[in-house]
Amino acid sequence: MPIVKVYAKNQVVADIEVEKGSILLDVLQRNSVEIEASCGGKGVCGKCKVTVKKGQTPYMDNLTSEEKKHLRSEEISRGVRLACCLKVCEDIEIFLEESSENANILSHFIMNDFGYEENIIVKKVVLQRPSLDGQKSFDLRLKEAIGDSKLKILPKTLQKLAKMKDSEFYALVYSDEIIDIKSSSFAFGVAVDIGTTTVVCYLVDLIQKKVVDYYSFINPQRKFGADVISRIDFAGAKEDGLFILQNEIINALNTAIKVLVDRNSISTEDIVRMVIVGNTTMLHLLLGVDPQTIAISPFVPVFTERIYAKSNDLGLEINPAGTIDILNSISAYVGADIVAGILSTQMHKSSKISLLLDLGTNGEMVLGSSSFMLACSTAAGPAFEGVNISCGMGAVEGAIDSVKIENGKVHFTTIGAKWPIGICGSGIVDAIAYMLKEGIIDETGKFCDKNETYKEYLKEVNGQQAFFITDSVYITQKDIREIQLAKAAISAGIKTMIEHAKVTEDEIENVFLAGGFGNYINPRSAVEIGIIPKKLQDKIVAVGNSAVAGAVLVLLSSKAAVEAQSLCKNVKYIELSNSQDFNQFFIESMIFESFEQEGEQNQNG
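Residue numbers for the sequence shown follow numbering that gives the first Met the number 0, beginning at 0 and rising by one.
Encoded structure:
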């Protein structure tokens with residue numbers, strides 16, 4: 000059987016015996032070797048590049064059409080292949096492409112004053128000593144000391160009670176249950192937002208009612224596909240695909256919990272609650288629930304209601320009696336993260352009409368006020384996160400995150416002020432806005448034939464016209480089309496909801512931009528390329544990670560949890576796949592508005 004030896008940063012990271020004819024990407028994924036495969040191994044994204052150093056000759060003679068499309072001649076000459084296209088037929092040594100591991104993940108949020116009420120009660124207890132005249136059992140004595148005879152007690156708590164009955168201790172009560180007794184008065188919770196691309200975990204002191212720390216990381220499921228459809232495909236196509244995806248996120252959450260515990264000198268037993276939000280697919284994968292019906296018409300998930308579980312049910316390493324609260328979703332493509340976002344912005348309580356936009360892969364949005372709430376998901380795709388873009392990448396160190404093109408020159412910044420190795424979503428949007436303004440592309444997105452000012456930046460790559468920001472980072476005609484598709488989907492979604500609500504753009508008073516891309520994007524660039532209507536530009540407010548903010552609220556307030564459930568009943572979901580309005584708006588939104596047209600409108604206005 001062939002042996003695959005894998006190197007990263009000049010060190011062997013895996014030595015794997017495989018069946019002859021195995022696809023290299025499958026081999027790497029099943030052996031937990033980190034490699035980007037945004038399209039899920041379909042040969043579409045061109046991101047799963049490896050360099051073959053041994054066994055090269057028989058492999059390099061068999062380039063697939065996908066590889067010829069995605070690989071430059073310079074890469075081919077030095078042995079680069081796509082792992083999803085490479086069959087392992089003999090011993091082979093490969094080097095993984097170097098990538099930056101430090102992601103610029105959105106971790107902050109804006110918290111509104113919600114009016115917290117007691118959620119976890121901690122009571123100091125000293126049990127009265129029993130006597131022949133008073134033989135009341137210790138569980139009854141405990142309830143009596145707390146002051147509620149109706150409280151439930153778990154077997155684990157009784158086991159601890161038998162050992163601690165003669166000492167002073169603290170009882171932790173949540174809802175109608177004594178969830179723990181312990182020597183310390185600590186009680187912490189973790190609020191989690193599981194995104195398709197990134198995961199954020201906040202450690203919250205439930206007694207002091209404050210956030211004390213956070214930890215964020217790239218979702219490890221990303222190596223199986225950048226979007227939810229790719230992951231649903233993986234879960235269904237592989238015999239143990241669902242288990243693999245569930246295991247990836249559970250292990251990653253346990254790692255995050257350990258980091259938070261160690262950094263704050265507490266124990267896992269001190270964490271007594273977790274509140275988890277995320278899109279509907281991510282929550283299905285977390286629970287090991289088959290998500291196949293989400294991907295096929297009529298797009299019905301297995302569950303949308305709030306799920307309440309114990310930590311042991313999922314293998315999450317917190318207090319054994321700890322509770323896991325998974326917030327309810329609205330539909331297959333508008334998840335608990337959006338519910339939490341509504342909750343944290345309080346838009347459902349305001350008389351003012353607001354628009355909540357999450358400009359991630361699923362393009363979820365909500366329009367409404369205390370009078371009405373509409374929601375939809377636009378399937379914008381992952382282009383805004385750098386996927387399916389020639390030099391695209393996530394928001395990691397070395398990614399170009401802002402661009403300015405003027406006076407014949409190109410200026411840019413990178414995350415972490417590192418050497419540029421690619422371009423992320425905010426940088427791409429900036430670049431296209433300036434390319435349009437400077438006449439490098441026209442309103443259809445096509446490169447203009449004659450632009451003498453920037454001719455030194457215009458070159459061909461694999462037969463395509465491209466604009467070079469650096470010697471190795473460029474934007475092709477296809478990349479511009481990908482952004483046009485994504486921006487048209489978002490724009491059409493907004494217009495469709497406005498049409499359904501029978502309101503005008505002037506009546507919308509707030510535009511809440513949520514999520515990582517929404518927070519880092521330059522609002523002016525977003526407006527100039529047509530993601531957001533021009534009339535809404537001055538109403539844009541970046542609210543950070545509104546999903547995790549809502550999860551924190553639920554950790555701290557049982558009132559917030561109840562409100563999250565009730566607001567879902569008042570949200571009307573608009574299915575865009577059969578909306579004629581959306582289809583028409585989408586076609587119209589593919590065109591960029593030229594700066595000449597904008598000037599004419601301003602003069603006429």
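Every residue, glycine too, gets a C-beta built ideally from N, C-alpha and C.
Asked                                                                                                                      : Found
For N509: DSSP bridge partner residues                                                                                     : S353
C-alpha gap between I590 and A308, whole angstroms                                                                         : 48 Å
9 Å Cβ cutoff met for V540 and F581                                                                                        : no
Contact set for S368: own chain, Cβ-Cβ below 8 Å, skip 5 residues either direction                                         : M346, H347, S349, S350, K351, I352 and S353
Collapsed DSSP secondary structure at N103 in the structure displayed                                                      : Note on N103: pLDDT 48, under 50, position unreliable in the model; the coordinate value appears next. DSSP places N103 in coil when its eight states are reduced to three.
Opening and closing residue of the alpha helix (DSSP H) in which C567 lies                                                 : S557 to C567
Backbone CA spacing between S64 and F446 [nearest angstrom]                                                                : 26 Å
C-alpha distance - N9 paired with A559, whole-angstrom precision                                                           : 51 Å
Distance CB(G462)-CB(F233) smaller than 9 Å                                                                                : no
I530, DSSP secondary structure in three states                                                                             : coil
The alpha helix (DSSP H) enclosing K634, as first and last residue numbers                                                 : Shown here, the chain extends from 0 to 604; a query on residue 634 therefore has no answer.
Q564 versus E73 - alpha carbon distance                                                                                    : 55 Å
Cβ pair count under 8 Å reaching 3, the stretch 182-196 against the stretch 131-146                                        : no
Nearest-angstrom Cα separation, counted from I586 out to G438                                                              : 22 Å
The stretch 192-209 touching the stretch 9-27, judged by at least three CB pairs closer than 8 Å                           : no
Alpha-carbon spacing of F87 relative to P297, whole angstroms                                                              : Residue identity differs from the one stated: residue 87 is Val in this sequence, not Phe. So the two alpha carbons sit approximately 40 Å from each other.
Assigned secondary structure, R80 (DSSP; H/G/I helix, E/B strand, else coil)                                               : strand
Own chain partners of G611 with C-beta closer than 6 Å, once the 5 adjacent residues on each side are dropped              : Summary: the structure shown does not reach residue 611, with the chain confined to residues 0 through 604, and so no result is reported for it.
Buried or exposed (CB count within 10 angstroms, at least 16 for buried), L131                                             : exposed
The stretch 210-225 in contact with the stretch 164-182 per 3-pair CB rule at 8 Å                                          : no
Backbone CA spacing between F302 and C567 [nearest angstrom]                                                               : 14 Å
Rounded C-alpha distance that separates I573 from F584                                                                     : 15 Å
V338 versus K209: straight-line alpha-carbon distance, rounded                                                             : 22 Å
Chain-order list of residues whose beta-carbon lies under 8 Å from that of K501 (same chain, five-residue window excluded) : none
Residue range of the beta strand (DSSP E) that includes F94                                                                : I91 to L95
Completely contained alpha helix (DSSP H) runs for the stretch 305-356, where each covers 4 or more residues               : 310-313 and 335-344
Cα-Cα separation between L342 and A320, rounded to whole angstroms                                                         : 27 Å
Option in L241, I275 and L202 with minimal Cα separation from S264                                                         : L202
Every unbroken alpha helix (DSSP H) inside the stretch 174-253 [4 residues or more]                                        : 227-236
Bounding residues of the beta strand (DSSP E) (the contiguous stretch that carries T267)                                   : T267 -> no beta strand (DSSP E), and no H or E assigned at all.
Distance CB(T377)-CB(G492) smaller than 9 Å                                                                                : yes
Where the alpha helix (DSSP H) through S64 begins and ends                                                                 : S64 to H69
Outcome for N577 when other beta-carbon atoms lying within 10 angstroms are tallied against a minimum of 16                : exposed
4 or more residues per run - each alpha helix (DSSP H) lying fully within the stretch 414-471                              : 424-436
Neighbourhood of V553 by C-beta distance below 8 Å, restricted to the same chain and skipping five residues each side      : A190, V274, D324, L326, A339, L342, A559, A560 and A563
Classification of Q134 by the beta-carbon crowding that lies within 10 angstroms, buried from 16 upward                    : exposed
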